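Undergrad: Dumping the structure here so I can ask a few things about it.
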Amino acid sequence: MMTKRQTLALLACALASATLPAAHAQAPAASWPSKPIRWVVPFPPGGAMDAIARTLGEKAGKTLGQPFVIENKPGAGGNIGADYVAKQPGDGYTLMITSIGMATNKPLYGKLSYDPIKDFAPVSLLAVVPNVLVTNATQPDVKTAKDVIAAARKTPGKLTYASAGNGTSIHLAGEVFTSLAQVDMLHVPYKGSGPAVSDLLGGQVNYMFDSITSARPHIESGKLRALGVTTAKRSKTLPNVPTLAEAGLPGYEVSPWFAVFMPAATPKDIVAKVNSALLEAMKDPDVVKRFETIGAEPVGSTPEEMAQHLARESERWTKLIQERGIKLD
3 MMTKRQTLAL LACALASATL PAAHAQAPAA SWPSKPIRWV VPFPPGGAMD
53 AIARTLGEKA GKTLGQPFVI ENKPGAGGNI GADYVAKQPG DGYTLMITSI
103 GMATNKPLYG KLSYDPIKDF APVSLLAVVP NVLVTNATQP DVKTAKDVIA
153 AARKTPGKLT YASAGNGTSI HLAGEVFTSL AQVDMLHVPY KGSGPAVSDL
203 LGGQVNYMFD SITSARPHIE SGKLRALGVT TAKRSKTLPN VPTLAEAGLP
253 GYEVSPWFAV FMPAATPKDI VAKVNSALLE AMKDPDVVKR FETIGAEPVG
303 STPEEMAQHL ARESERWTKL IQERGIKLD
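Taking this note's numbering, the leading residue of the sequence shown gets 3, the next gets one more, and so forth.
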């Protein structure tokens, strides 16, 4: 039979063993980061999202003492990359930059292999890249957004607006426009912004709510005419172009955003360190200059603010997508 002293000793050992996993779980946070950090971009190289990740990653990596390694995992509107990140361990060595698709993919796809809310830890809102309503500059009678609305009311269903595909922010910007203006315009989806812009320049379509990154060179060359930006405030990139709310549609606002998320199990202190490094990087003059080049407006937020933003955006776009009957191609 065990003595009282032996029994107490065994209980002490058992309690010590039980606390080991918890202590081990906190160990990564204390020593983090000790190796390179993967930054997943769920879209191909070359776009605004990729540029933002590479620019910020270079600076934030220096702050944290470990490089950010960009991994492009494109496909299915960002869902392939998001699914991959959602299933990674919460050790702080994987994060993802994503876009407004984080709020729109669930109502668009119906069923996802991950939960945009439950499977991720929000880190920070990074930037907004406005869309801009543009038309071919050869159209002499179209100078303002009010002209577009007047023409659409005169010829219902005849005017066209191009997009980079069903459910993209470019398409949704058009849906909000036609809904608020109460006009009937024909949406023409393309497989990407490039071919849509090409047909806009060629006169095959009438309008487009293109990303400012893509449209800016054609606006500056005089080939496209900018009629209004979709954001609540004017863009620093095109300061002389009014917002669509100013140009005749009070209450109009579509702000395509980019944000950072990590797997849900990531410790809060690691999330806070990544947040701090990214916010510091956004103040760097090189980053500011690069953001200006692609038309990105730096924002920044706390993880809590980002969570609230995602919840609001998810509610808004789910409602619009369902009301307008928006389906994928």
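Each residue gets a CB set at the ideal place from its N, CA and C atoms; glycine is no exception. What you are looking at is a predicted structure, and each value in this text was computed from that prediction instead of being measured.
Give the straight-line distance between the Cα atoms of Pro252 and Val178, rounded to the nearest whole angstrom.
TA: Distance between the alpha carbons of Pro252 and Val178: 12 Å.
Undergrad: Under 8 Å between C-beta atoms, does Asp117 make it to chain D?
TA: Considering every chain present, this structure includes no chain D. It has just one protein chain.
Undergrad: Beta-carbon within less than 7 Å of Ala24's beta-carbon, same chain only, minus the 5 sequence neighbours each way: which residues are those?
TA: Bear in mind that the predicted position of Ala24 carries a pLDDT of just 39, short of 50, making it unreliable; the figure below should be weighed with that in mind. Counting only Cβ-Cβ distances below 7 Å, and skipping sequence neighbours, we find nothing.
Undergrad: Count the other CB atoms, across all protein chains shown, that sit within 10 Å of the CB of Asp143; report buried if there are 16 or more and exposed otherwise.
TA: Asp143 should be labelled exposed.
Undergrad: Who pairs with Pro124 in a beta bridge, going by DSSP?
TA: According to DSSP, which records beta bridges pairwise, Pro124 is partnered with Phe263.
Undergrad: Could you check what DSSP says for Tyr116 in three-state terms: helix, strand or coil?
TA: Here Tyr116 sits in coil by DSSP.
Undergrad: Quick check on the burial criterion: 16 or more other C-beta atoms within 10 angstroms. Buried or exposed for Arg218?
TA: Buried is the call here.
Undergrad: Around the Cβ of Ala147, are there at least 16 other Cβ atoms within 10 angstroms (buried) or fewer (exposed)?
TA: Counting Cβ neighbours within 10 Å, Ala147 comes out buried, since at least 16 surround it.
Undergrad: Looking at the strands, I want to know which residues DSSP matches up with Pro191.
TA: Answer is Ser165, bridged to Pro191.
Undergrad: Out of Pro305, Ala247 and Asp286, which one is the CA nearest neighbour of Lys270?
TA: When each option's Cα is compared against that of Lys270, the closest is Pro305.
Undergrad: From Asp186, Phe45 and Ile323, pick the residue whose C-alpha is nearest to that of Lys156; which is it?
TA: Taking only the C-alpha atoms, the option nearest Lys156 is Asp186.
Undergrad: Express the C-alpha separation of Lys235 and Ala88 in angstroms, rounding to a whole number.
TA: When rounded, the distance between both Cα atoms is 34 Å.
Undergrad: Using three-state DSSP, classify Met104 as helix, strand or coil.
TA: Helix.
Undergrad: Measuring only the C-alpha atoms, how far is Ala249 from Lys193?
TA: Those two C-alpha atoms are separated by around 29 Å.
Undergrad: Quick one: what's Trp41 bridged to in DSSP?
TA: Trp41 is bridged to Ile72 and Leu97.
Undergrad: Considering only their Cβ atoms, is the gap separating Lys145 from Tyr95 smaller than 8 Å?
TA: No; because the gap between Cβ atoms is not below 8 Å, this pair is not in contact.
Undergrad: Starting from Tyr209 and walking both ways along the beta strand (DSSP E), at which residues does that stretch end?
TA: Tyr209 to Ser213 is the span of the beta strand (DSSP E), which, as asked, contains Tyr209.
Undergrad: CA-CA distance, Pro241 and Asn133?
TA: About 14 Å.
Undergrad: My guess is that Thr65 and Ala279 are in contact by the Cβ rule of under 8 Å, so how many angstroms apart are they, rounded?
TA: Indeed they touch by this definition, with Cβ atoms about 4 Å apart.
Undergrad: In this structure, how does DSSP classify Asn133 when only helix, strand and coil are distinguished?
TA: Strand at Asn133.
Undergrad: Distance, Cα to Cα, Ser2 vs Asp117?
TA: Outside the displayed range of the chain (3 to 331) lies residue 2, so it cannot be described from this structure.
Undergrad: Could you tell me the distance, in whole angstroms, from the CA atom of Asn138 to the CA atom of Thr162?
TA: Computed Cα separation, rounded: 12 Å.
Undergrad: Taking just the CA atoms, how far does His311 sit from Trp319?
TA: If I take the Cα positions, the gap works out to 12 Å.
Undergrad: Name the two residues that bound the continuous beta strand (DSSP E) containing Leu226.
TA: Leu226 to Val231 is the span of the beta strand (DSSP E), which, as asked, contains Leu226.
Undergrad: With DSSP run on the structure shown, which of helix, strand or coil describes Pro300?
TA: Strand, per DSSP.
Undergrad: Which of helix, strand or coil does DSSP assign to Ala18?
TA: Because the pLDDT at Ala18 is just 42, under 50, the model does not fix this residue reliably, and the point stays unresolved.
Undergrad: Assuming Ala50 and Thr215 make a contact with CB atoms under 8 Å, what is their CB distance in whole Å?
TA: The Cβ separation is near 5 Å, so the contact holds.
Undergrad: Quick check on the DSSP output: the alpha helix (DSSP H) that includes Gly176 runs from which residue to which?
TA: From DSSP, the alpha helix (DSSP H) with Gly176 extends over Ser171 to Ala183.
Undergrad: Closest to Pro244 by C-alpha separation, out of Leu229, Val256 and Ser257, would be which residue?
TA: That would be Leu229, whose Cα lies nearest to the Cα of Pro244.
Undergrad: CB-CB under 6 Å to Asp52, same chain, minus the five flanking residues each way: which ones, in chain order?
TA: Closer than 6 Å at Cβ, skipping near neighbours: Val43.
Undergrad: In this structure, does DSSP put Asn242 in helix, strand or coil?
TA: Of the three classes helix, strand and coil, the one that applies to Asn242 here is coil, per DSSP.
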